[in-house]
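A.B. asks: Have a look at this one.
Number of protein chains: 8
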Amino acid sequence: MPEKPVVAVIMGSQNDYEKVEPGISLLRDFGVSTQVRILSAHRTPDEVKRFVQQGEKQGIKVFICAAGMAAHLAGVVASHTTRPVIGIPISSGALNGIDSLYSTVMMPPGIPVATVAINGSQNAAYLALEIIQDSFPEVAQKLKDQRKKMVKKVLEADKAIQK
Amino acid sequence: MPEKPVVAVIMGSQNDYEKVEPGISLLRDFGVSTQVRILSAHRTPDEVKRFVQQGEKQGIKVFICAAGMAAHLAGVVASHTTRPVIGIPISSGALNGIDSLYSTVMMPPGIPVATVAINGSQNAAYLALEIIQDSFPEVAQKLKDQRKKMVKKVLEADKAIQK
Amino acid sequence: MPEKPVVAVIMGSQNDYEKVEPGISLLRDFGVSTQVRILSAHRTPDEVKRFVQQGEKQGIKVFICAAGMAAHLAGVVASHTTRPVIGIPISSGALNGIDSLYSTVMMPPGIPVATVAINGSQNAAYLALEIIQDSFPEVAQKLKDQRKKMVKKVLEADKAIQK
Amino acid sequence: MPEKPVVAVIMGSQNDYEKVEPGISLLRDFGVSTQVRILSAHRTPDEVKRFVQQGEKQGIKVFICAAGMAAHLAGVVASHTTRPVIGIPISSGALNGIDSLYSTVMMPPGIPVATVAINGSQNAAYLALEIIQDSFPEVAQKLKDQRKKMVKKVLEADKAIQK
Amino acid sequence: MPEKPVVAVIMGSQNDYEKVEPGISLLRDFGVSTQVRILSAHRTPDEVKRFVQQGEKQGIKVFICAAGMAAHLAGVVASHTTRPVIGIPISSGALNGIDSLYSTVMMPPGIPVATVAINGSQNAAYLALEIIQDSFPEVAQKLKDQRKKMVKKVLEADKAIQK
Amino acid sequence: MPEKPVVAVIMGSQNDYEKVEPGISLLRDFGVSTQVRILSAHRTPDEVKRFVQQGEKQGIKVFICAAGMAAHLAGVVASHTTRPVIGIPISSGALNGIDSLYSTVMMPPGIPVATVAINGSQNAAYLALEIIQDSFPEVAQKLKDQRKKMVKKVLEADKAIQK
Amino acid sequence: MPEKPVVAVIMGSQNDYEKVEPGISLLRDFGVSTQVRILSAHRTPDEVKRFVQQGEKQGIKVFICAAGMAAHLAGVVASHTTRPVIGIPISSGALNGIDSLYSTVMMPPGIPVATVAINGSQNAAYLALEIIQDSFPEVAQKLKDQRKKMVKKVLEADKAIQK
Amino acid sequence: MPEKPVVAVIMGSQNDYEKVEPGISLLRDFGVSTQVRILSAHRTPDEVKRFVQQGEKQGIKVFICAAGMAAHLAGVVASHTTRPVIGIPISSGALNGIDSLYSTVMMPPGIPVATVAINGSQNAAYLALEIIQDSFPEVAQKLKDQRKKMVKKVLEADKAIQK
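Here it is, written out as structure tokens:
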């Protein structure tokens with residue numbers, strides 16, 4: 023796998039870090055070089071555009087975007103690239119993530135955002151891995167191994183409860 | 023009042039026109055020069071930025087933005103200007119406007135959008151008029167007159183029903 | 023800037039103070055003379071009317087209203103003035119602010135309320151500042167400076183996370 | 023029963039008439055003198071106050087208020103009287119009555135509104151009749167008779183379907 | 023005022039007591055003899071029926087019913103009486119009171135329930151007092167006095183915050 | 023299979039018939055003697071109780087209850103029997119079935135209602151058939167046959183679309 | 023009653039155990055042999071299928087399935103059997119159980135899931151007991167006894183509060 | 023591009039075809055060989071598994087799944103493959119797609135579904151195209167061309183409205 027970043031994880035605010043961290047860890051566990059950025063669709067729109075356009079040229083294959091409330095980050099990123107963009111709605115504020123879910127998933131035709139569950143950073147990472155697996159066959163194999171580990175973990179819990 | 027545009031009305035799609043038209047009419051009834059644009063936050067982000075920055079320089083005092091679904095237009099416009107931005111959530115698609123309401127109103131601190139009711143283009147226009155009234159005193163007077171007309175209209179309906 | 027109040031912040035109950043305070047601080051940081059009141063649309067309707075009508079005459083340019091549950095305060099204030107009224111829905115009670123959001127934003131045609139996010143007192147303040155900037159040019163400049171500070175703050179957090 | 027009005031039915035707009043009419047008919051079927059008004063909490067706040075305060079003095083025992091969207095009418099009426107106020111949330115606009123339900127029922131402590139179902143004008147009338155029955159014993163008897171008629175009607179439909 | 027109960031407060035479960043208590047206190051502060059019962063629409067339907075029918079005969083003028091989740095208590099009570107029934111939706115369980123609000127307020131035509139806010143026991147009590155005031159004139163006077171106290175309390179808080 | 027009714031289908035109102043009919047047809051297609059009643063939890067509570075208690079004695083094994091709005095019917099039926107009660111929330115009125123879903127499914131501990139989808143009368147019937155299959159083995163076999171028919175129907179549609 | 027399992031309780035994750043435990047206890051209090059499993063519809067789909075098909079052959083009469091978020095477990099189990107399947111939506115994650123309620127109850131025609139309240143494991147158990155009572159008459163009697171205990175418990179609480 | 027299918031579009035029911043068709047057309051316009059299937063997660067679980075596992079072996083790179091109500095199809099498909107799965111929630115039934123949105127997007131960690139807007143079949147297709155572009159460079163170029171066409175279309179509408 024290349025040393026330069028393959029996946030970018032952008033979050034709208036420092037406060038989102040804790041909820042996004044499990045996804046970042048997963049990507050790194052898979053050995054995928056991941057660039058982590060804090061960029062705000064509303065406060066730093068120009069920086070977002072620059073990063074996305076440069077990133078695409080420099081080999082970023084998937085953009086993961088996490089934001090809360092009126093979560094426009096994933097949509098704004100998607101407006102600047104034709105690479106797959108994955109949106110993680112973050113629960114923050116009084117509406118607890120319903121607002122960010124709707125703001126992320128209800129995109130109009132033409133500019134898709136692949137949305138995962140509220141705070142679903144792990145699945146955002148898994149989805150990114152599934153998307154890049156054709157370019158990096160070692161990822162494909164690791165995904166299959168990981169599934170087997172999941173099965174094993176469930177079956178162990180299942181055994182434990184039956185005692 | 024100046025001939026060059028004072029208020030801009032931007033809608034995200036041609037389909038929103040019917041719901042935005044009452045607000046445009048109202049602004050014109052008040053004699054306010056109004057520029058109407060169709061610009062998409064997602065499909066034409068660069069054009070949006072250019073228009074907002076130029077518009078601000080050329081004297082646009084208020085931006086009214088109407089969009090449906092994951093309605094990012096008002097937020098994106100607000101990210102490019104410190105002029106007041108008014109957002110009209112449009113009901114379109116399966117969620118009937120709840121999605122656009124949340125996407126428009128739940129803005130994070132620093133980049134405000136003055137949100138009106140779903141499809142509330144008239145109130146968006148009234149709000150714009152209230153905002154520009156200090157610069158254009160004739161608007162201030164007309165707003166007061168309009169309120170009196172509203173009272174009269176209600177009282178007439180009230181009289182009619184009592185018969 | 024004048025010493026007499028330019029912006030009024032009305033809250034429906036003492037309990038809302040903590041959530042409204044960040045907005046009040048921001049207005050004062052901008053050097054805007056701000057009058058803070060506790061007035062209830064339902065318990066003190068006459069006092070609300072008197073304050074709004076007098077306030078308008080004495081130079082209040084924008085009314086900010088914060089209320090929870092069936093939040094009628096902003097609408098009632100708007101019914102007594104043609105100055106811009108900004109509504110802050112407050113999360114309180116079992117519905118956590120959805121009730122106050124709907125009660126504030128879904129105003130019928132003719133009486134607009136510029137609604138911000140639930141508990142969004144900072145954006146209410148920013149919006150008020152954007153509205154009064156034509157009358158007080160120093161505010162216009164400070165708004166632009168503040169945006170730059172926001173950009174800087176995001177970029178610093180961005181740098182920090184990349185280490 | 024007195025000839026002067028005992029129950030007042032206020033609606034916020036002419037458009038609500040069709041949904042309120044079944045309740046008005048019911049009150050009249052019961053022989054209760056009913057005053058029907060169109061008054062807007064936002065457009066005619068002074069007229070609302072005047073009517074409620076005079077009405078109370080002239081013998082109105084119950085106020086029924088019907089309004090849609092950010093339905094403040096019942097709350098505003100309740101703020102001017104200690105007579106029972108019944109609120110009918112009307113479905114109108116994109117949120118189809120959820121907004122008016124929350125705006126009507128979620129009143130803060132001290133100013134109650136007796137809320138019925140969305141568009142529930144018949145139950146508003148029944149509730150008013152139940153409230154005034156101590157003052158007008160013929161109403162008490164008619165309410166009991168009406169219940170028996172309801173039972174009969176259900177049982178007839180029940181018989182019909184069993185064939 | 024009579025010594026025998028005039029208002030009945032029924033709650034569906036012991037757990038609701040804390041949320042209902044402020045309403046009970048208020049009724050007692052007004053000197054209204056109040057009967058408090060724990061009766062479940064689902065577990066003790068026969069006891070509910072017996073109590074309502076006997077209560078009505080023995081002079082209960084208003085029934086206040088508090089219940090959570092699929093809150094059928096107020097509706098079931100209303101099915102056994104033509105006295106006014108007030109429903110308090112209680113927040114309990116995962117839906118936090120939305121379920122009990124809908125179950126209480128959306129009654130079909132013919133059997134009204136006067137619904138107050140989620141956990142709104144104080145307003146249930148105020149509403150009961152407003153309903154019984156024609157039978158007990160001292161209540162009518164106290165209600166007016168109480169409103170004045172509310173005004174005073176708000177104005178004191180208002181004064182305090184202006185310092 | 024016995025000639026006397028094994029399943030009872032109760033609906034709260036004649037208006038629900040069209041939405042309940044598919045379930046009734048299905049039961050009859052399976053050769054299950056089905057008693058169809060119109061009984062209202064609120065208008066005819068005594069008749070509901072009588073029917074349920076007698077029905078249970080006379081061999082009704084499952085009660086299916088369909089009701090809209092504040093749908094208390096299934097809960098009230100369940101309060102009078104320990105036979106399985108299936109609730110069908112009916113969409114009617116402004117909330118389109120969310121109210122009846124919550125009123126039916128969110129039952130407190132002790133009195134269960136087996137809830138199916140809004141307007142899900144077919145699944146109510148299937149569930150009743152699954153419940154009675156141990157008493158009537160021909161039903162068990164027919165259920166398995168029906169599943170095979172479903173598979174076949176899907177596969178036929180699948181074939182058709184591939185052409 | 024047989025020693026081999028009659029009811030199966032499957033939960034999608036170890037984390038659901040605490041919310042499911044009251045239902046398991048109840049089944050065991052009734053002397054019903056209950057098999058408890060942890061199996062995930064998404065992580066161990068083959069194991070779910072195998073268990074359901076074998077379980078049905080070995081005498082499982084009712085399957086109770088508890089899962090959170092996009093709760094597919096009950097639906098997947100129901101797709102493999104014509105025995106009654108009871109679904110318990112578990113509150114977990116940002117949507118607090120609304121997601122699991124909709125995912126469990128809104129099943130398409132043909133594959134029913136008997137849904138109980140969010141976290142309603144006790145009612146799931148009661149429903150299972152009601153379903154198996156025809157095969158195990160001692161359960162039928164215990165259900166009636168349990169109802170009497172419930173009545174007694176409510177009446178005791180009722181007495182206590184009246185003092 | 024290969025002649026054998028690269029993208030599979032599975033819908034849960036024939037009734038979903040009309041809402042899924044725009045996405046299928048788009049894929050074919052891009053020259054991508056697309057296999058369209060009707061398969062039900064609940065009625066034909068074995069066929070779903072077989073198709074997904076064989077499809078993956080035979081070169082399907084992305085699975086698009088469209089389903090309504092308790093939409094388990096995408097989740098079930100995802101449980102059988104580590105290829106990217108895209109879910110389209112379909113609006114059908116009383117909840118109008120909220121149910122299918124939650125059932126599709128709120129997947130637990132480990133089994134991701136890339137969710138698009140309710141009825142968003144076009145964006146599902148765009149997302150699939152973005153995902154396969156690394157394997158088929160002609161797709162990458164066409165995606166960029168398509169974006170330019172979108173811009174052009176918006177700007178044309180924008181010009182038209184300014185006249």
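Residue numbers (our numbering), protein chains in the order written: chain A, 23 to 185; chain B, 23 to 185; chain C, 23 to 185; chain D, 23 to 185; chain E, 23 to 185; chain F, 23 to 185; chain G, 23 to 185; chain H, 23 to 185.
Every residue, glycine too, gets a C-beta built ideally from N, C-alpha and C.
#1: By the three-class DSSP mapping on this structure, what secondary structure does H/V29 have?
#2: Hey, would you say D/V98 sits closer than 9 angstroms to D/A63, going by beta carbons?
#3: Using a beta-carbon distance below 9 angstroms, is G/K175 in contact with chain E?
#4: If we count the other Cβ atoms within 10 Å of its Cβ and call it buried at 16 or more, is G/Y159 buried or exposed?
#5: Could you give the DSSP three-state label for B/P111: helix, strand or coil?
#6: Would you kindly check if the distance between the Cβ of F/L95 and the Cβ of F/V70 is under 9 angstroms?
#7: Taking contact to mean 3 or more Cβ pairs, one atom from each stretch, closer than 8 angstroms, check whether the region 25-42 of chain H and the region 160-173 of chain G are in contact.
#8: To the nearest angstrom, how far is it from the Cα of E/V28 to the Cα of F/P130?
#9: Could you tell me whether the Cβ of F/V42 comes closer than 9 angstroms to any Cβ of chain E?
#10: Cα separation between H/D24 and H/G81?
#11: Quick check on A/E69 - is its C-beta less than 9 angstroms from some C-beta in chain C?
#12: Start and end of the beta strand (DSSP E) containing G/I82?
#13: G/V127 versus chain F: which residues are under 9 angstroms apart at the beta carbon?
#14: Which word fits A/E178, buried or exposed, when buried means at least 16 other C-beta atoms lie within 10 angstroms of its C-beta?
#15: Decide if G/K181 is buried, meaning its Cβ has at least 16 other Cβ atoms within 10 Å, or exposed.
#16: Excluding the five sequence neighbours on either side, which residues of its own chain have a C-beta within less than 7 angstroms of the C-beta of F/Q155, listed in chain order?
#17: State yes or no: is the beta carbon of B/V152 nearer than 9 angstroms to at least one beta carbon in chain C?
#18: With distances taken between CB atoms, is the gap from G/G109 to G/V138 smaller than 9 angstroms?
#19: Taking 9 angstroms as the threshold (C-beta atoms), are E/I112 and G/V176 in contact?
#20: Does A/S114 get closer than 9 angstroms to chain H when you measure Cβ to Cβ?
#21: To the nearest whole angstrom, what separates the beta carbons of F/Y124 and E/D121, a pair I think is in contact under 8 angstroms?
#22: Run through chain G and tell me which residues come within less than 8 angstroms of H/I120, C-beta to C-beta.
#23: For A/A116, which of helix, strand or coil comes out of DSSP?
#24: CB H/A5 to CB F/G119, shorter than 9 angstroms?
#25: Determine the direct distance from the alpha carbon of E/C87 to that of E/I7, and round the result to whole angstroms.
#26: I believe G/V31 touches G/T66 by the beta-carbon criterion, under 8 angstroms. Please report the beta-carbon distance rounded to the nearest angstrom.
#27: Can you name the start and end residues of the beta strand (DSSP E) that F/V58 belongs to?
#28: What is the DSSP secondary structure of G/A63, counted as helix, strand or coil?
#29: Per DSSP, A/G90 is paired with what?
#30: Could you tell me whether any Cβ in chain D is nearer than 9 angstroms to the Cβ of C/R65?
#31: Using the Cα positions of F/A89 and F/E43, report the straight-line distance between them to the nearest angstrom.
#32: Leaving aside the five residues before and after C/R105 along the sequence, list all residues of the same chain whose C-beta is less than 8 angstroms from its C-beta, in chain order.
#33: Residues of chain G with CB under 9 angstroms from A/I108, in chain order?
#34: Considering Cα atoms alone, identify which of E/L48, E/M33 and E/A100 is closest to E/E152.
#35: Grouping DSSP H, G and I as helix and E and B as strand, with all else coil, what is D/A136?
C.D. replies: Taking the coordinates as given:
#1: Note: H/V29 maps to strand in three-state DSSP.
#2: Result yes, Cβ atoms of D/V98 and D/A63 sit closer than 9 angstroms.
#3: The beta-carbon of G/K175 is placed less than 9 angstroms from the nearest beta-carbon of chain E.
#4: Going by the sequence as given, residue 159 of chain G is Pro instead of Tyr. Result: exposed.
#5: Strand, per DSSP.
#6: Contact check for F/V70 against F/L95 passes: the beta carbons are separated by less than 9 angstroms.
#7: No, because fewer than three Cβ pairs between the region 25-42 of chain H and the region 160-173 of chain G fall closer than 8 angstroms, the two stretches do not touch.
#8: Each residue's Cα considered, the two are about 29 angstroms apart.
#9: Residue contact check for F/V42 against chain E: no CB pair falls below 9 angstroms.
#10: For the record, residue 24 of chain H in the displayed sequence is Pro; it is not Asp. If you take the alpha carbons of H/P24 and H/G81, they lie about 10 angstroms apart.
#11: Yes, contact with chain C.
#12: For G/I82, there is no enclosing beta strand (DSSP E), since its DSSP letter is neither H nor E.
#13: Chain F residues near G/V127: P111, L123, V127, T137, V138, A139, I140 and G142.
#14: It counts as exposed.
#15: By the Cβ neighbour-count rule, G/K181 is exposed, with fewer than 16 other Cβ atoms within 10 Å of its own.
#16: Around F/Q155: V161, A162 and L165.
#17: Checking the sequence shown, residue 152 of chain B turns out to be Glu, not Val. Chain C contact via Cβ: present.
#18: Yes; because the gap between Cβ atoms is below 9 angstroms, this pair is in contact.
#19: For G/V176 and E/I112, no; Cβs fall outside 9 angstroms.
#20: For A/S114, no Cβ of chain H is located within less than 9 angstroms of the residue's own Cβ.
#21: With a Cβ gap of about 4 angstroms, F/Y124 and E/D121 count as contacting.
#22: The contacting residues are Y124.
#23: For A/A116, the three-state secondary structure derived from DSSP is coil.
#24: Because chain H spans 23 through 185 in this model, residue 5 of chain H falls outside it and cannot be assessed.
#25: Look at the range of chain E in this structure, 23 to 185, and you will see that residue 7 of chain E is not part of it.
#26: Actually they do not touch by this definition, with Cβ atoms about 16 angstroms apart.
#27: Start and end: T56 to I60.
#28: Judged by DSSP in its simplified three-state form, G/A63 adopts coil rather than helix or strand.
#29: In the DSSP output, where bridge partners are listed per residue, A/G90 has A/I112.
#30: For C/R65, the answer is yes, since a Cβ of chain D falls inside 9 angstroms of its Cβ.
#31: Cα to Cα, F/A89 sits roughly 13 angstroms from F/E43.
#32: A distance below 8 angstroms between beta-carbons, with the five flanking residues on each side excluded, links C/R105 to the following residues of its chain, in chain order: E78, I82, K83, V84 and F85.
#33: Against chain G, a Cβ distance below 9 angstroms from A/I108 picks out nothing, because the smallest value is about 17 angstroms.
#34: Ranking the options by Cα distance to E/E152, first place goes to E/L48.
#35: If DSSP states are grouped into helix, strand and coil, D/A136 belongs with the strands.
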